[in-house]
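Colleague:
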Amino acid sequence: MTHRANDTGDGSSAFEVLYEDNHLLGIVKPVNIPVQEDASGDMDLLNLLKEDVKVRFNKPGNVFMGLVHRLDRPVGGAMVFAKTSKAASRLSESVRTHSFHKVYLTVVHGMPSSAQGRLTDTLLKDATSNTVTVVRKGTPGGKEAILDYTVLGTSEGFSLLKIDLLTGRSHQIRVQLSSIGCPLYGDQKYGASVNRPGQQIALWSALVGFPHPVSKEQIELISLPPQNYPWNLWPQEMQKQAVH
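Take the sequence shown: its letter number 28 is residue 226 in my numbering, and every next letter is one higher.
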C-alpha cells in the first residue's frame, strides 16, 4: 500500500511538513537555502530543522537529524530526513539499493530531440570550481549518470520535463540536459548564455518515494512547484498528474 503523505506532527512547523512520525520528517525545502553547512556561512536546512523539532517537541539537548539525500541550494521541493540513526541507516540503504525513487519537474530552453528518452553520461566533478562536466567513458574519477525524461508540454520556446533520476550525481540534471542543448531555465552555471542573472532556476523535487524504514510501507512525498513564471506556462493539474 502506498501512503501519499501529508500527515503532520504536533505543533506548527516553520516549514511545510509533508510527513512526520517518530522516524521521519518530510518537508518542502525552500529555494536558496543550503541543505547543510557550506562555505557561505549561511544558515543551513539541517540545523534549521533540528532547531524546529527541538522547539516544537520541547526536546532537551541535541536533536538528531540524518541527511540521506541532497538538493542543490537553488532547488526546492520534497525532501526526507531521518529522525533516528536507525532510520538514517535504513534510508541510506534504500538509496544504495535503488528503492529510493526521485522525480523532478524542470523547465528547459528548447526541446529535446525525442519526446522521451534516457540520458546516460559520464560526469566528472571539479571540486575547486564546483562544476561538473560530461566526459568520455573511462575518464579517471568519472561517474556514470542516468536519467529518464518525458516532455510534458512546450510553450514560448520552453519545455516542461518530468525527470526520473536513476543515479544521484552532483548537478546531474542540470549538466545532462545542458549537454543536449536544453539548459534549465534560470541556471547560471550551465546555461549562462541563455539565462539572466537573478532568474530562479526552474528545477523542483516533485516526488520522493521510499519504503518506510520501520513499517516498510511505501511512502511518497509530493510537492508541486510554485505557480510563478515559467512554471505557470502549464496547468498545475498537468504537473500534478505527471507525478502521481
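The C-beta atom is built at its ideal place from N, Cα and C for all residues, glycine as well.
Since we're looking at a predicted model, the values are computed, not measured.
1) Around the C-beta of P338, are 16 or more other C-beta atoms found within 10 angstroms, so that it is buried, or is it exposed?
2) Let me know the beta strand (DSSP E) ranges lying completely inside the segment 375-431, each 3 residues or longer, listed in chain order.
3) Provide the residue span of the beta strand (DSSP E) that contains Q314, from first to last.
4) For A404, count neighbouring C-beta atoms within 10 Å of its own C-beta (all shown protein chains included) and say buried if the count is 16 or more, exposed if not.
5) For my contact list, I378 and L364 are in at a C-beta cut-off of 8 Å; report their separation, rounded to the angstrom.
6) On a CA-only basis, which of V330, V333, Y383 and T326 is nearest W429? Give me that one, please.
7) Measuring alpha carbon to alpha carbon, tell me which residue in H221, K227 and F255 is nearest T282.
8) With 16 other CB atoms within 10 Å as the buried threshold, where does T200 fall?
9) Comparing alpha-carbon positions, which option in G396, V332, G407 and G355 lies nearest I371?
10) From D324 to L431, what does the alpha carbon distance come to, in whole angstroms?
11) Tell me the rounded alpha-carbon separation between M263 and A400.
12) Name the residue from V233, A390 and P409 whose alpha carbon lies nearest to the alpha carbon of V306.
13) Rounding to the nearest angstrom, what Cα-Cα distance links D205 and R316 in this structure?
14) Pull up the CB-CB distance for L265 and Q234, whole angstroms please, since I reckon it's below 8 Å.
15) Taking the CB atoms as reference points, tell me whether V278 and V406 lie closer together than 7 Å.
Modeller: Let me lay it out:
1) exposed
2) 401-409 and 416-420
3) Q314 to D324
4) buried
5) Wrong, their Cβ atoms sit about 16 Å apart, outside the cutoff.
6) Y383
7) That would be H221, whose Cα lies nearest to the Cα of T282.
8) Reliability fails at T200, whose pLDDT of 47 lies under 50, so the model's placement of it is uncertain and the value that follows must be treated cautiously. Exposed, because fewer than 16 other Cβ atoms sit within 10 Å of the Cβ of T200.
9) V332
10) 35 Å
11) 28 Å
12) A390
13) Low per-residue confidence applies at D205: pLDDT is 44, beneath 50, and the placement is therefore not dependable, though the value from the model is reported in the following sentence. Near 34 Å, if we compare the C-alpha coordinates of R316 and D205.
14) 6 Å
15) yes
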